[in-house]
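> My numbering numbers the first residue of the sequence shown as 827 and each following residue consecutively.
Where is the CB? At the ideal position from N, CA and C, for every residue including glycine.
From a predicted model like this one, the values you see are computed outputs, not experimental measurements.
I'd like to ask some things about the structure below.
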Amino acid sequence: MDETDQKIIDQLRENSRASYKEIARGVKISDVAVHKRIKNLSKRGVIKRFTVTVDQHKLDKATTAILMIKCNTGSAPGIAERLAKTPDITEVYTTIGEYDIVAKIRTHDMNSLKDLVEKKLRMTRGIHEIRTSVVFDAFKEDLSLGM
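This is the structure:
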C-alpha cells in the first residue's frame, strides 16, 4: 500500500459516499485510477466494507455499557461468537488477562441493559462472572482511526 492508497482510504473514512471524481480531485489522480485502486484495496481485504457513522442518541440507544466477562476455560471464543450476534452488543473482543471477553452494549435505557445482562447474558452457559460499567460520557468514539 502506497501513499496514494492511504490518501484514498483517508478520504473514504471522512465520507464513504464520496464519488470517484471527488476522491480523484483530493488525491490528484484520475477517477479511473481511483476506481482501480479502491477495487484492488477491496480485493486485498484492506477495505472490508463501506459504512456510515450514526448518532446513537438519535436512534434512541442512549445507554452504553462496557462488560468484562469471565468464562469457563476454553469457552470464550464460542461465547464471543454468540454475543456478537446479539443486536444491542456492538463490539466483542476476546482478551488475555483478568477477563476473557470485553463487550460494548448500546441499549435504549437502563431497564433494557438490565434485562439483557440479567435475563440473557447471566444465563449463558460458560459465563461465570460479568462486570458491568455504565458509560457516563464518551470523549472519543471513532472507529475510523487513521493509520
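1) Using CA coordinates, which residue listed in K930, M949, K911, A964 is at the minimum distance from T958?
2) At 4 residues or longer, and completely inside the stretch 880-954: list those alpha helix (DSSP H) runs for me, N to C.
3) DSSP three-state label for R957, please.
4) To the nearest angstrom, how far is it from the Cα of E955 to the Cα of N937?
5) Taking the alpha-carbon positions, what's the D926 to K854 distance?
6) Starting from the C-beta of R870, find all residues in its chain whose C-beta is less than 7 Å away, skip the five residues before and the five after it, and write them out in chain order.
7) Suppose you measure from the CA of N841 to the CA of F876; what does that come to, to the nearest Å?
8) Helix or strand or just coil, what does DSSP make of T877?
9) State the DSSP-derived secondary structure class of G871, mapped to helix, strand or coil.
10) Quick check on the DSSP output: the alpha helix (DSSP H) that includes A844 runs from which residue to which?
11) By the 10 Å Cβ neighbour count, where 16 or more other Cβ atoms means buried, how is T933 classified, buried or exposed?
Taking the coordinates as given:
1) For T958, the closest of K930, M949, K911, A964 by C-alpha to C-alpha distance is K930.
2) You should have 902-910, 936-941.
3) strand
4) Near 20 Å, if we compare the C-alpha coordinates of N937 and E955.
5) Looking at the two C-alpha atoms, the distance is approximately 46 Å.
6) none
7) 9 Å
8) coil
9) coil
10) Run containing A844: none; DSSP gives neither H nor E here.
11) buried
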